[in-house]
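Right, one structure below, let's go through it.
Numbering (mature numbering (1 follows the signal peptide of the UniProt record, and there is no 0)), first residue to last: -23 to -1, 1 to 79.
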(Lines of atoms letter the chains of each structure in order from A and count residues from 1; the text may use other names and numbers.)
(Lines give C-alpha, C1' and ligand atoms only; values in the text may rest on other atoms or scores of the structure.)
Protein backbone atom coordinates (compact mmCIF):
# COMPACT_ATOMS: atom_id res chain seq x y z
CA UNK A 1 0.00 0.00 0.00
CA UNK A 2 2.76 2.44 0.97
CA UNK A 3 4.81 1.51 -2.11
CA UNK A 4 1.81 2.22 -4.35
CA UNK A 5 1.27 5.64 -2.78
CA UNK A 6 4.97 6.40 -3.13
CA UNK A 7 4.86 5.51 -6.83
CA UNK A 8 1.83 7.77 -7.37
CA UNK A 9 3.51 10.66 -5.54
CA UNK A 10 6.74 10.24 -7.49
CA UNK A 11 4.81 10.08 -10.75
CA UNK A 12 2.93 13.27 -9.87
CA UNK A 13 6.18 15.08 -9.03
CA UNK A 14 7.73 13.85 -12.27
CA UNK A 15 4.79 15.19 -14.25
CA UNK A 16 4.88 18.53 -12.42
CA UNK A 17 8.60 19.13 -12.64
CA UNK A 18 9.50 17.39 -15.91
CA UNK A 19 10.69 20.11 -18.19
CA UNK A 20 10.81 19.53 -21.92
CA UNK A 21 13.84 20.71 -23.88
CA UNK A 22 12.40 24.22 -24.05
CA UNK A 23 13.00 24.51 -20.30
CA UNK A 24 9.73 26.06 -19.20
CA UNK A 25 6.54 24.93 -17.54
CA UNK A 26 3.62 23.97 -19.81
CA UNK A 27 1.45 26.57 -18.02
CA UNK A 28 1.89 30.24 -17.26
CA UNK A 29 0.88 32.97 -14.84
CA UNK A 30 -1.82 34.34 -17.15
CA UNK A 31 -3.52 30.93 -17.28
CA UNK A 32 -3.26 30.66 -13.49
CA UNK A 33 -4.84 34.09 -13.00
CA UNK A 34 -7.69 33.25 -15.39
CA UNK A 35 -8.44 29.99 -13.57
CA UNK A 36 -8.38 31.70 -10.17
CA UNK A 37 -10.68 34.45 -11.48
CA UNK A 38 -13.15 32.25 -13.38
CA UNK A 39 -13.26 29.17 -11.14
CA UNK A 40 -13.14 30.79 -7.68
CA UNK A 41 -11.46 27.80 -5.94
CA UNK A 42 -11.30 29.56 -2.57
CA UNK A 43 -10.62 27.60 0.60
CA UNK A 44 -13.65 29.30 2.16
CA UNK A 45 -16.23 28.32 -0.48
CA UNK A 46 -18.06 24.99 -0.64
CA UNK A 47 -17.10 22.41 -3.26
CA UNK A 48 -18.99 22.63 -6.52
CA UNK A 49 -18.71 21.20 -10.01
CA UNK A 50 -18.63 23.86 -12.71
CA UNK A 51 -20.67 23.39 -15.85
CA UNK A 52 -18.56 22.02 -18.70
CA UNK A 53 -19.63 25.02 -20.78
CA UNK A 54 -18.73 27.55 -18.07
CA UNK A 55 -15.99 30.18 -18.35
CA UNK A 56 -14.14 28.18 -15.68
CA UNK A 57 -13.98 25.02 -17.79
CA UNK A 58 -13.06 27.02 -20.89
CA UNK A 59 -10.09 28.43 -18.94
CA UNK A 60 -9.13 24.94 -17.70
CA UNK A 61 -9.14 23.53 -21.23
CA UNK A 62 -6.86 26.36 -22.43
CA UNK A 63 -4.03 24.97 -20.28
CA UNK A 64 -1.87 22.54 -22.26
CA UNK A 65 -3.09 19.03 -21.41
CA UNK A 66 -5.49 20.52 -18.82
CA UNK A 67 -2.50 20.24 -16.46
CA UNK A 68 -3.92 21.55 -13.20
CA UNK A 69 -0.91 20.13 -11.33
CA UNK A 70 1.17 22.66 -13.25
CA UNK A 71 -1.19 25.46 -12.22
CA UNK A 72 -1.02 24.28 -8.60
CA UNK A 73 2.78 24.20 -8.75
CA UNK A 74 3.03 27.89 -9.70
CA UNK A 75 0.77 29.15 -6.91
CA UNK A 76 2.51 31.60 -4.61
CA UNK A 77 2.43 31.12 -0.83
CA UNK A 78 -0.26 33.82 -0.65
CA UNK A 79 -2.29 31.99 -3.31
CA UNK A 80 -1.96 28.71 -1.40
CA UNK A 81 -3.25 30.41 1.75
CA UNK A 82 -6.30 31.72 -0.12
CA UNK A 83 -7.08 29.02 -2.70
CA UNK A 84 -7.62 25.27 -2.41
CA UNK A 85 -4.99 23.26 -4.30
CA UNK A 86 -7.30 20.24 -4.07
CA UNK A 87 -10.11 22.15 -5.81
CA UNK A 88 -7.75 23.40 -8.52
CA UNK A 89 -6.39 19.93 -9.26
CA UNK A 90 -9.96 18.57 -9.29
CA UNK A 91 -10.94 20.98 -12.07
CA UNK A 92 -9.23 18.74 -14.62
CA UNK A 93 -11.75 15.94 -14.11
CA UNK A 94 -14.68 18.30 -13.48
CA UNK A 95 -14.10 20.03 -16.83
CA UNK A 96 -13.23 16.96 -18.89
CA UNK A 97 -15.55 16.48 -21.86
CA UNK A 98 -18.25 13.92 -21.15
CA UNK A 99 -18.67 10.90 -23.40
CA UNK A 100 -21.79 12.55 -24.84
CA UNK A 101 -19.70 15.61 -25.83
CA UNK A 102 -17.12 13.52 -27.70
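Idealized CB from N, CA, C, for every residue including glycine.
Residue 18 counts as buried, since no fewer than 16 other beta carbons sit within 10 angstroms of its beta carbon.
Residue 7: member of the alpha helix (DSSP H) spanning 6 to 16, first to last residue.
In this structure, DSSP gives residue 68 a helical state, which the three-state scheme calls helix.
Taking the CA atoms as reference points, residue 11 sits about 18 Å from residue 22. Counted as a single uninterrupted DSSP element, the alpha helix (DSSP H) harbouring residue 48 occupies residues 45 to 50.
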